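Under our numbering, the first residue of the sequence shown carries the number 136, and numbering increases by one thereafter.
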Amino acid sequence: GAAPTELEEEVAKALFDIEVSPSSDIKADVRDVYISNAQDVEVKNRVALVVHVPFRAWKTVRKIQGRLVRELEKKFNKKHVVF
């Protein structure tokens, strides 16, 4: 498809950082996660990061979603993360 946007590159790098982190307990599951789209959405004076994943990867994402959202919110401060 199309070339990834700058935001999608940042999300991919954050997922990779979680995957190679020695202290992460979800790094084995993050290896199976890939994104199809990422976009910023403004909601009530705040910015939410909406990450789209393909249906094939959704089962893995759902299993680790809570921990993954917390990790991504740490990396993207002042943003809410939604899958």
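Built from N, CA and C at the ideal position, the CB exists for glycine as well. This structure is a prediction, so every number in the text was calculated from the model and none was measured.
Query                                                                                                           : Result
DSSP beta-bridge partners of Asn172                                                                             : His187
Candidates Tyr169, Leu207, Asp160: closest to His187 by CA position                                             : Tyr169
Lys162 - containing beta strand (DSSP E), residue span                                                          : Element bounds for Lys162: not the beta strand (DSSP E) but the alpha helix (DSSP H), 162-165.
Other residues of its chain near Glu143: CB distance less than 6 Å, five sequence neighbours each side excluded : Ala173
Test item: CB-CB of Asp167 and Thr140 under 8 Å                                                                 : no
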